[in-house]
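For any residue, its number in this note's numbering is found by taking its place in the sequence shown, counting from 1, and adding 633.
We put the CB at the ideal spot given by N, CA and C, even for glycine.
All of these numbers come straight from a predicted model, not from anything done at the bench.
Have a look at the structure below, then the notes.
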Amino acid sequence: AMEAEAQGFGEFAFTARAFAHTGPGQPSNFAIPAFARQLAAIERGEQPPKILVGNLDARRDILDVRDVVQAYLRLMALAEPGEAYNVATGSPITMRTLLDSLRSHCLTSTQVEVDPTRLRPADIACSSGDSLKLRTLTGWKPQISLETTLQDTLACWRSEVS
């Protein structure tokens, strides 16, 4: 609906479609910071060594929010009015892989348990985008590795729960 609205202002508006993004400072009502918050609490002995999760088989095209901001800045300078640009990696990854990576940095051994309240009735199996148009126009590409994003997010939650 917002893209349709933007088309009414096609002489000066463009659309940036940001796919999933995360990073330090994101609230824990999103999956990756929820995992990191739980791991930080487990390390501090504030919760049993069990991480409650939703659907870990979902695949998401995840970017660091800092890379998304850089894409927006480039688009604001170079985007063509009336056009739409995907801000994405084009490489979806399972939530299980993301969680396993976070767990590998945890100082405590943990178990994983599916919490039915965290399952979405209409979960999307895979969400990914092609950013060729954005990359061709602006030269943008993600600079922050997913591993760095996860480590920074965990570090943020470690300091938050302390």
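Exposed unless 16 or more other CB atoms sit within 10 angstroms - verdict on Thr741
Classification of Thr741: exposed, given that the 10 Å Cβ count is below 16.
Are the CB atoms of Ser724 and Ser761 within a distance shorter than 9 Å?
Contact annotation: Ser761 and Ser724 have beta-carbon atoms nearer than 9 Å.
Is Ile684 near Glu780, with beta carbons less than 9 Å apart?
Contact: no.
Where does Thr781 fall in DSSP's three states?
It is helical.
Cβ-based burial, Gln776 [other Cβ within 10 Å; buried from 16]
Burial call: exposed.
Neighbour-count burial assignment, Thr655, 16 or more Cβ in a 10 Å radius:
It counts as buried.
Selected residue, minimal CA-CA separation from Val686, among Ala721, Asp748 and Met709:
That would be Asp748, whose Cα lies nearest to the Cα of Val686.
With which residues is Asp697 paired in a DSSP beta bridge?
Paired residues: Thr655.
Thinking C-alpha only, which one of Asp756, Leu783 and Leu711 is nearest Leu767?
When Asp756, Leu783 and Leu711 are compared, the shortest CA-CA separation from Leu767 is found for Leu711.
Quick one: measure Cβ to Cβ for Cys739 and Leu696, integer angstroms, because I've assumed they're closer than 8 Å.
About 23 Å; that fails the 8 Å criterion.
Among Thr730, Gly658 and Ser737, whose alpha-carbon lies nearest the alpha-carbon of Asn688?
That would be Thr730, whose Cα lies nearest to the Cα of Asn688.
Identify, in the order they occur along the chain, each residue of the same chain with its Cβ nearer than 7 Å to the Cβ of Asp700, setting aside the five sequence neighbours on each side.
These residues qualify, in order along the chain: Pro775, Gln776 and Ile777.
Tell me which residue opens and which closes the beta strand (DSSP E) that Leu685 is part of.
Taken as a continuous stretch (DSSP letters only), the beta strand (DSSP E) holding Leu685 covers Lys683 to Val686.
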